[in-house]
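Engineer: Sharing a structure, written as structure tokens. Questions coming.
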Amino acid sequence: MKLVLVTAQRPNEVAGLHTKEIDGNWWTIPAGRAKNGKEHRVYLTPTALSLIEESDGYVFPSPREGRPIGRNCLAQLVSSKMEKKISGEKEAKEITKMPYYGMTPWTPHDLRRTARTIMARIGIPDEHAEEVLNHTKEGIKKVYNKYKYDKEKQAALIAWEGELIRILNRDQQDQCL
């Protein structure tokens with residue numbers, strides 16, 4: 008979950024991360040694993056690198072040798088910790104809230120929304136934040152703009168990491184008071 012939050016990447020793409028996809032401070036998500044079918048480069052901040060430093064092969068290996076954890080494993084983990092109740096005639100599952108900390112329901116994918124929202128708050132231009140999240144360009148931009156935005160993605164992820172650390176340090180100080 009931490010790596011999803013710090014990189015702002017899709018949980019299933021993080022779950023399939025293999026060390027062969029990492030070159031220095033850059034992680035290249037192959038087109039075949041990216042939601043939009045396009046290769047995507049992600050700058051790995053010091054925090055991100057510290058989360059994967061000891062890995063060899065799949066960063067999140069499955070108990071089945073030679074494979075990563077399942078693509079929905081993180082969502083299932085979070086979901087299993089939430090209270091559920093059956094409601095209505097369709098017996099649809101309604102997630103209420105986590106039985107601890109008074110949290111409202113969330114999924115690992117929501118960590119991307121958190122990262123994106125805070126990137127906007129700290130002044131990262133929308134276009135740069137959207138590139139970090141590997142959202143598909145729309146319309147004419149998709150046709151004419153082939154720039155990869157590596158420098159801007161790096162700056163955005165460094166700024167996001169700094170803000171995340173600031174928030175965590177503030178919360179730890181508040182707990183001590």
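Heads up: the sequence shown is residues 8 to 184, going by the numbering used here. The beta-carbon is built from N, C-alpha and C at its ideal position, and this holds for glycine as well.
For G64, tell me which candidate among W113, R128, K149 and G23 has the shortest Cα-Cα distance.
Structural biologist: Indexing the sequence shown from 1 puts residue 64 at position 57. Residue G23 is the option with its Cα nearest to G64.
Engineer: Determine the DSSP secondary structure at T52, reduced to helix, strand or coil.
Structural biologist: Stepping through the sequence shown from its first residue, residue 52 is reached at position 45. The answer is coil: DSSP assigns T52 none of H, G, I, E or B.
Engineer: Please state if the CB of A162 and the CB of Y125 are separated by a distance shorter than 9 Å.
Structural biologist: To locate residue 125, count along the sequence shown from 1; it is residue 118. To locate residue 162, count along the sequence shown from 1; it is residue 155. Contrary to the premise, residue 125 reads as Ile rather than Tyr in this sequence. For I125 and A162, no; Cβs fall outside 9 Å.
Engineer: Contact between the stretch 26-33 and the stretch 55-62 is defined here as three or more beta-carbon pairs at a separation below 8 Å; is this criterion met?
Structural biologist: Output reads yes: the stretch 55-62 touches the stretch 26-33.
Engineer: Evaluate K150 with the Cβ neighbour count: other Cβ atoms within 10 Å of its Cβ, from every protein chain shown; 16 or more gives buried, anything less gives exposed.
Structural biologist: On the sequence shown, position 143 is the one that residue 150 refers to. In the sequence as presented, Lys is not what sits at residue 150; that position holds Val. Flag for V150 reads exposed.
Engineer: Since I36 is in the beta strand (DSSP E), which residue starts that stretch and which ends it?
Structural biologist: Numbered from its first residue, the sequence shown carries residue 36 at position 29. Unbroken beta strand (DSSP E) run through I36: W33 to I36.
Engineer: Please state if the CB of L171 and the CB of L12 are separated by a distance shorter than 9 Å.
Structural biologist: For the purposes of this step, residue 12 is taken as the residue at position 5 of the sequence shown. For the purposes of this step, residue 171 is taken as the residue at position 164 of the sequence shown. Yes, they are a contact pair.
Engineer: How many angstroms separate the CA atom of T35 from the CA atom of W113?
Structural biologist: Stepping through the sequence shown from its first residue, residue 35 is reached at position 28. Stepping through the sequence shown from its first residue, residue 113 is reached at position 106. Approximately 27 Å between the Cα atoms of the pair.
Engineer: Short of 6 Å in beta carbon distance, which residues of its chain neighbour K148, apart from the five on each side in sequence? Order them along the chain.
Structural biologist: Taking the sequence shown and counting its residues from 1, one reaches residue 148 at position 141. Within the same chain, K148 has no close Cβ partners at all.
Engineer: E60: buried (16+ other C-beta within 10 angstroms of its C-beta) or exposed?
Structural biologist: Along the sequence shown, one-based indexing puts residue 60 at 53. The residue is exposed, with fewer than 16 neighbouring Cβ atoms inside 10 Å.
Engineer: Along the chain, where does the alpha helix (DSSP H) that runs through N19 open and close?
Structural biologist: For the purposes of this step, residue 19 is identified with residue 12 of the sequence shown, where counting begins at 1. P18 to A22 is the extent of the alpha helix (DSSP H) around N19.
Engineer: Just to check my reading of the structure: N43 and T143 have Cβ atoms closer than 8 Å, yes? What is that Cβ distance to the nearest angstrom?
Structural biologist: Residue 43 sits at position 36 when you count from the first residue of the sequence shown. Residue 143 sits at position 136 when you count from the first residue of the sequence shown. So it is a contact: roughly 5 Å between Cβ atoms.
Engineer: Just the C-alpha distance for P48 and W33, rounded to the nearest angstrom, thanks.
Structural biologist: As a first step, residue 48 must be located in the sequence shown, where it is residue number 41. As a first step, residue 33 must be located in the sequence shown, where it is residue number 26. The identity of residue 48 in the sequence shown is Arg, whereas the question assumes Pro. Approximately 6 Å between the Cα atoms of the pair.
Engineer: Helix, strand or coil for D30, going by three-state DSSP, please let me know.
Structural biologist: The sequence position of residue 30 within the sequence shown is 23, counting from 1. The answer is strand: DSSP assigns D30 an E or B state.
Engineer: Excluding the 5 residues preceding and the 5 following N152 in the sequence, name in chain order all residues of the same chain whose CB lies nearer than 6 Å to its CB.
Structural biologist: Position 145 of the sequence shown, counted from the start, is the residue given in the question as residue 152. For N152, where only same-chain residues beyond five positions count, there are no Cβ hits under 6 Å.
Engineer: Verify whether the separation of the beta carbon atoms of Y50 and K160 is less than 9 Å.
Structural biologist: Sequence index remark: in the sequence shown, residue 50 carries index 43 (1-based). Sequence index remark: in the sequence shown, residue 160 carries index 153 (1-based). Yes.
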